[in-house]
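K.L.:
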Amino acid sequence: MHAVIGRLLAVVLLAVVGAYAVLLERPPDPVPASAPPAEFSADRAAGTVDQLAREPRPVGSPASDAARDALVGRLRAEGLDPRVDATAAIAAEQGQARAARVENVVATLPGTDPTGAVVLMAHYDSVTAGPGAADDMSGVATVLETVRALRAGPPLRNDVTVVLTDGEEAGLLGARAWVREQLLGPLGDRPTVVLNWEARGVEGPSLLFETSPGNAGLVDAWARSVPHPRGDSSLVEVYRFLPNDTDLSPVLDAGRPGMNAAFIERPYQYHTPGDTPANLSRASVQNHGGNALALTRALGAEDLAPLDPVASGREPTGDRTYFAALGYLVTYDSSWAWGVAGLALLLVVVLVVVARVRRQATIGGVLGGLAVYLLTLGVAVAAGIGFWRALVWFRPSYADTGPFLGRPTLYDVAAGILAFVVVTLVVSLLRRRPGGLAFACGALLVLALLSLGLAAVAPGSVFLLAWPVVGLAVGLLVVALAGERPWLAVPFFVLGAVPAVALLVPFAVASYGVAGVSDGLAVAVFVLVGVPIAAGLSALPSPGQVRGYALPIMALFWVLILAAGGLFVDRPDARTPQGSSLAYVLDADAGVARWVTADEAPADWTRRYAPDPPSVVEAWPYGEPVGSGPAPVRPAPGPAALPSPIPGGVRLLVSSPRGAPTIFVRADRPATAVTVAYPGRPPVSMPLDGGPLRLELDDVPPEGAVVDLQLAGPATLRVDDQTLGLAGVPDISPRPPELRQARGNQSDVVVVSRRLAVS
77 MHAVIGRLLA
87 VVLLAVVGAY
97 AVLLERPPDP
107 VPASAPPAEF
117 SADRAAGTVD
127 QLAREPRPVG
137 SPASDAARDA
147 LVGRLRAEGL
157 DPRVDATAAI
167 AAEQGQARAA
177 RVENVVATLP
187 GTDPTGAVVL
197 MAHYDSVTAG
207 PGAADDMSGV
217 ATVLETVRAL
227 RAGPPLRNDV
237 TVVLTDGEEA
247 GLLGARAWVR
257 EQLLGPLGDR
267 PTVVLNWEAR
277 GVEGPSLLFE
287 TSPGNAGLVD
297 AWARSVPHPR
307 GDSSLVEVYR
317 FLPNDTDLSP
327 VLDAGRPGMN
337 AAFIERPYQY
347 HTPGDTPANL
357 SRASVQNHGG
367 NALALTRALG
377 AEDLAPLDPV
387 ASGREPTGDR
397 TYFAALGYLV
407 TYDSSWAWGV
417 AGLALLLVVV
427 LVVVARVRRQ
437 ATIGGVLGGL
447 AVYLLTLGVA
457 VAAGIGFWRA
467 LVWFRPSYAD
477 TGPFLGRPTL
487 YDVAAGILAF
497 VVVTLVVSLL
507 RRRPGGLAFA
517 CGALLVLALL
527 SLGLAAVAPG
537 SVFLLAWPVV
547 GLAVGLLVVA
557 LAGERPWLAV
567 PFFVLGAVPA
577 VALLVPFAVA
587 SYGVAGVSDG
597 LAVAVFVLVG
607 VPIAAGLSAL
617 PSPGQVRGYA
627 LPIMALFWVL
637 ILAAGGLFVD
647 RPDARTPQGS
657 SLAYVLDADA
667 GVARWVTADE
677 APADWTRRYA
687 PDPPSVVEAW
697 PYGEPVGSGP
707 APVRPAPGPA
717 ALPSPIPGGV
727 RLLVSSPRGA
737 PTIFVRADRP
747 ATAVTVAYPG
757 RPPVSMPLDG
767 GPLRLELDDV
777 PPEGAVVDLQ
787 LAGPATLRVD
797 DQTLGLAGVP
807 DISPRPPELR
817 QARGNQSDVV
827 VVSRRLAVS
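So in the numbering used here, the last spot in the sequence shown is 835, and the numbers never skip.
1) Is Arg133 buried or exposed, if buried means 16 or more other CB atoms sit within 10 Å of its CB?
2) Look up Trp273 in the DSSP assignment and give the residues it is bridged to.
3) Flag this pair as yes or no: are the beta carbons of Ser33 and Leu526 separated by less than 8 Å?
4) Between which residues of its own chain and Gly789 is the CB-CB distance below 8 Å, once the five residues before and five after are set aside?
5) Can you give me the start and stop residues for the alpha helix (DSSP H) that Tyr449 sits inside?
6) How long is the line joining the alpha carbons of Asp841 and Ala717, rounded to whole angstroms?
7) Since Ala400 and Pro305 are thought to touch, with beta carbons under 8 Å apart, how far apart are those beta carbons, to the nearest angstrom?
8) Does the distance from the CB of Ala519 to the CB of Tyr625 come in under 8 Å?
9) Go through its chain and collect everything with a Cβ distance to Thr738's Cβ below 6 Å, but skip five positions before and after it.
10) Counting Cβ pairs, one atom from each stretch, are 3 or more of them under 8 Å apart for the region 487-504 and the region 404-424?
11) Give, in chain order, every unbroken run of the beta strand (DSSP E) that is at least 3 residues long and sits entirely within the region 271-318.
12) Using CA atoms only, rank isn't needed, just tell me which of Ala354, Val236, Gln362, Leu318 is closest to Phe339.
13) If you measure between the beta carbons of Leu616 and Ala573, is that distance less than 8 Å?
14) Go ahead and label Asn320 buried or exposed: buried means 16 or more other beta carbons lie within 10 angstroms of its beta carbon, across all protein chains shown.
15) Got a sec? Which residues, its chain only, sit under 7 Å from Arg830 by beta carbon, not counting five neighbours each side?
16) Going by DSSP in three states, Gln621 sits in which element: helix, strand or coil?
17) Count the other C-beta atoms from every protein chain shown that fall within 10 angstroms of the C-beta of Ser720, then say buried if there are 16 or more, exposed otherwise.
18) From Thr477, Arg152, Glu378, pick the residue whose C-alpha is nearest to that of Ala297; which is it?
19) Starting from Leu226, trace the alpha helix (DSSP H) in both directions and tell me its first and last residue.
20) Suppose the cutoff is 6 Å on Cβ atoms and the five residues either side in sequence are ignored; what does the same chain contact list for Ala413 look like?
21) Using DSSP with H/G/I as helix, E/B as strand and the rest coil, what is Pro689?
22) Is the beta carbon of Pro708 closer than 8 Å to that of Asp807?
23) Per DSSP, which residues does Phe399 bridge with? Please list them.
24) According to DSSP, is Arg266 helix, strand or coil?
25) Just to confirm my understanding: we take Tyr315, look at its own chain, exclude 5 residues before and 5 after, and list those with CB closer than 7 Å. What are they?
26) What residue does the beta strand (DSSP E) around Tyr660 start on, and which one ends it?
27) With distances taken between CB atoms, is the gap from Val135 to Ala246 smaller than 8 Å?
28) With a floor of 3 residues, list each beta strand (DSSP E) that falls wholly inside the region 774-805, ordered by position along the chain.
29) Leaving out five residues on either side along the sequence, give the residues of the same chain with a beta carbon under 7 Å from the beta carbon of Ala354.
30) Counting C-beta neighbours from all protein chains within 10 Å, is the total for Thr920 16 or more, i.e. buried, or is it exposed?
31) In chain order, what residues of the same chain lie with their CB nearer than 7 Å to the CB of Met77, ignoring the 5 residues before and after it?
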C-alpha cells in the first residue's frame, strides 16, 4: 500500500511541476497607461494599434499611405526627425519574383557618445485579408512606445534607430531595400544591432526565436536585461533550418547581428480578417515591449563594436544555449553541448551497468527497450497524424483551415490523452519483459544518442534532451540502488524527473501553437518524455504489478469523447467564422469569366459559385489548380503591355487602364533575369533560376512600370491585373456570418488577364 501511495504521490508531484512550468511561460499582465513615463505600457501602445489597424494595409494601398503618414507624425511628436525612404525593391526565388514601390519610415534618437546604433524594426503593412493588428502593428506600437519611454528616461550612449518597413508581406521588400541602401551603404562600417518584433498569432509570450550566428554577446545582454525572458535556443536552431523569413532575414544575409521575437498563439486569426485590435492580447504586447525597452537600454549603454563582426572585422563569437527552467533562465556556451550530451550518455551507461549488476535488467532487455521506444515514437507520430486525418474526414473544411482552429481546446486535450494512451499501453505491455527499468534504460539510451547527434548539427537544442536524461538517469540510479526502500527511491526519482517535465512539457504544449494537432508533434513530444518517466515509475519498489489495460482503454474512450465534443463545439459561426476563398477571373481575350476558389472543401456559399473540381485556369495568375465555375462577364479593359525588343529579351511597359495596383507578368518559358523600373524610383534587378516566370508587381502607378525580361527564346506571356474586393461583380451575394475571407492575399480579388506573344 505504501508503494502504491508513493507512486501516486510521484505522479501528482510531477503533474504539479508540469502545470507550474506551463503557467510560468505566460506573458506578464499589461501595464496601465497611468504607469510612470519611463516604463513600457501596453495600454499606451494599444492606442497605436486601435488607430492604425482598422483596415488592411497592403503595400501601396491608401490605408498603408495613411499609416505611413500617421507614423511620421507620431515620431515627430516624440521629438525625432523622421524621414520616408521612398524606393523600390525586388525579391525572387526559382523563377518567382515580386517587386513593389516601398516607403520605409526611418528616424533616429541620438545617443550621447554613440559606438553604433540599436535598430528597432517592425513592418507597418499587412496582408490584404486582414488589418494586421498583431502582424505587425503590435510590433510597430512596441517600437513607438519603447522610443517614448526611452525619451522619458536617461539618455543612452548609443543611437537608437527606428526602421518601420513597408512591403514585408510582399516579400520582405522594405527590409531588403533598407539593407541594400543603408546597412550595406552608409551604415556599412558602423556597428549596428537589429531587433525585429513580429507576430504569428494574436497572443502568447514574446519568444526570442531567432538570432544571428555567434549570438553570445546578444544573448548575454538579453539574459541580464529583459524582465520576462521567453523562448530558448532550440527555437533558434530549428528556425535556421526552416525556409521561413522575416524582416530580419536580409539583415542576417548581410552578415549583421540581430534578434527576432514574436508571439505565436491563437494563429487561427493570423493573416485573416480576425487579426483585429479586439483580438490582440495586451499581455503579449506588454511582454514584447517590456523586453524591447530593457534590451534597448542594455545595448544602448555598451560598446556595440564587439557584437558586429562586419563593422569590427572580427570573427563572430560562439553561440549561447539558453532556456528557462521553472522560472530560472539558464545560459551557457553552446560549445558545452558535447560535454552535456556526453555526460548524459555516461550516466545512462552507468545506469545500465548498475541495473545489470543488481540483476534488475539485462543487456538484451535494454536493447529491446531501445527498439520498442523507437517504435513507440513512430507510433506516436502516426497516432497524432491519424487523429488529425480522422478529424478532417468528419469535418472536411479542416483541410482548408489547416491546424489553426477557432476552438481547439478539446482537440488539444484529446491529443495529450492520446499520448497518455500510447505511453500507458506500451509500458503495460512491457512491465514484465524487459521490465520497467530495462525499458527506461533503453529509452534514455535513445535520448542520449539523439543528444550527441544534436550536438553535431544543432548544439543549442541539446539541452532539451540531455538534461532530462541526466536527471532521469540519476533518479533511476537511486531507484536501482534503493532496493525495497520506496521512501528513498520515490523522492529521488521525482527529483530526477523534474528536468524532463519542466523542459519538455512546456515544449509539447507550445507545439500546439506552432502546428496544432495536425502533424503529431505534440503527441510525439509527450510520448518522448512520458515513456521513460512511466517506465521509471513502474520500476519503483512495489509488492506486485497491476494487471490489465483498463487505464489506457478508459483514456482512449476519453479521446473519442473529447474529439466528438470538439467537432460539436468547433463549428463555424459568427464568432469563429470559417475562411472562404473566392475570386473573379476574366479572360479579356476570350471574353470568358470564371469564379475560382482555392478551397479543397468549399462551403455551400462558395460551392454555389465554383462547383467544378480543381483544374488549371489559365487566367488565374497564382498557378495552382483551383475549383471554378462560370461567372457573368463584367466588361473590363485588360492590362496593357507594350513590348519592345532589347538584347536577349523584351522590354514591357505594363499598366492597368482600370487602375489595378497589382500586375502579373507570366511566361511559358524560363527567364534568366528581370529588371523593374517604377517611375521616379531607381530600377531594381534580380537574376532568375528556375521554372517559368511569374512576376508580381505591386503598387503600380497609373502610368505603369517598365519590365525588362531576359528570356530563353520566343515566349507567350500572360499579363494580368488585380484589384481587391468583389464589390461591383455581378450576381455576388454577401458571405453568411459563419464565413469570412480566406487567409492571405489570394481571395476576394478581381483578375483581368490577357495573352501576349513576344519573340
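The beta carbon of each residue, even a glycine, is placed where N, CA and C say it ideally should be. Only a predicted model underlies this, so the values are computations on that prediction, with no experimental measurement involved.
P.N.:
Based on what the coordinates show:
1) Arg133 comes out buried.
2) Paired residues: Ala337.
3) Any answer about residue 33 is impossible in this case: the structure gives the chain only from 77 up to 835.
4) So the qualifying residues of the chain are Arg745.
5) Bounds of the alpha helix (DSSP H) holding Tyr449 are 439-470.
6) In the structure as shown, the chain begins at 77 and stops at 835. Residue 841 is therefore absent and cannot be evaluated.
7) Between the beta-carbon of Ala400 and that of Pro305 there is about 6 Å, and that keeps the pair under the 8 Å contact cut.
8) No, these two residues do not count as a Cβ contact at 8 Å.
9) For Thr738, where only same-chain residues beyond five positions count, the Cβ hits under 6 Å are Asp774, Gln798.
10) The region 487-504, when compared against the region 404-424, does not touch it at the 8 Å Cβ threshold.
11) Runs found: 283-287.
12) Nearest neighbour of Phe339 by Cα position, chosen from Ala354, Val236, Gln362, Leu318, turns out to be Gln362.
13) Cβ distance not < 8 Å, so Leu616 and Ala573 don't count as in contact.
14) Exposed, since its Cβ has fewer than 16 Cβ neighbours within 10 Å.
15) Once the five neighbours on either side are set aside, the close Cβ partners of Arg830 are Ala664, Asp665, Gly714, Pro715, Val795.
16) For Gln621, the pLDDT reaches just 49, beneath the cut-off of 50, and the residue's location in the model is therefore unreliable, leaving the point undetermined.
17) Per the 10 Å Cβ criterion, exposed.
18) Per the Cα distances, Glu378.
19) It spans 215-228 - the alpha helix (DSSP H) in which Leu226 sits, taken as one unbroken run.
20) Excluding residues within five positions, the ones whose Cβ falls inside 6 Å are Ala531, Pro535, Val538.
21) DSSP places Pro689 in strand when its eight states are reduced to three.
22) Taking 8 Å as the Cβ cut-off, Asp807 and Pro708 qualify as a contacting pair.
23) DSSP lists Val406 as the bridge partner or partners of Phe399.
24) The answer is coil: DSSP assigns Arg266 none of H, G, I, E or B.
25) By the criterion of a C-beta distance shorter than 7 Å, Tyr315 is surrounded in its chain by Phe285, Glu286, once the five residues flanking it on both sides are discounted.
26) Element bounds for Tyr660: 659-663.
27) Yes, these two residues count as a Cβ contact at 8 Å.
28) Runs found: 781-787, 791-800.
29) Answer for Ala354: no residue qualifies.
30) The requested residue 920 does not occur in the structure, where the chain is confined to residues 77 to 835.
31) Unreliable positioning characterises Met77 in this predicted model, as indicated by a pLDDT of 45, which lies under 50. A coordinate reading is not provided.
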